[in-house]
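**Student:** Here the sequence shown stands for residues 350 to 443, numbered as in our numbering. I am attaching a structure below and will ask some questions about it afterwards.
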Amino acid sequence: CSICNRCILNMDHHCPWINNCVGFYNRKFFIQLLSYVYLSLVVVVFFTIPELYHRFVELTQDDDLTNKTLYAVTSVILGMAFCMSVLLLCTLTN
């Protein structure tokens with residue numbers, strides 16, 4: 350590896366996320382890590398969609414300004430988390 354200056358058996362690449370080379374002995378664990386990340390992102394997307402819908406319905410029906418402000422701020426935070434999860438999900442599937 351040009352980054353580690355070590356010889357790696359059947360080297361695939363040097364991964365900056367785990368700060369290690371992916372090769373013959375740890376490829377299984379790297380694929381397992383990617384699978385768990387993918388699964389957790391699917392769970393986040395799956396459980397965020399109904400919550401965002403519920404918050405949108407609450408925002409359109411409630412007349413109290415304090416509740417609307419609180420719901421708007423938390424909805425933006427949830428929306429950002431949802432968008433980042435979808436972006437990561439699309440990145441992992443390509």
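We treat Cβ as the ideally placed atom computed from N, Cα and C, and that holds for glycine. All values derive from a computational prediction rather than experimental measurement.
1. Would you tell me roughly how many angstroms separate the C-alpha atoms of residue 398 and residue 387, rounded to the nearest one?
2. Helix, strand or coil for residue 370 per DSSP?
3. State the Cα-Cα distance for the pair residue 394 and residue 360, rounded to the nearest angstrom.
4. Among 391, 378, 409 and 362, which residue has its Cα nearest to the Cα of residue 433?
5. Under the three-state reduction of DSSP, which class applies to residue 364: helix, strand or coil?
**Tutor:** A quick look at the data gives this:
1. Residue 398 and residue 387 have their alpha carbons spaced roughly 17 Å apart.
2. strand
3. Answer to the nearest angstrom: the Cα atoms are 33 Å apart.
4. It is 391 whose Cα lies nearest to the Cα of residue 433.
5. strand
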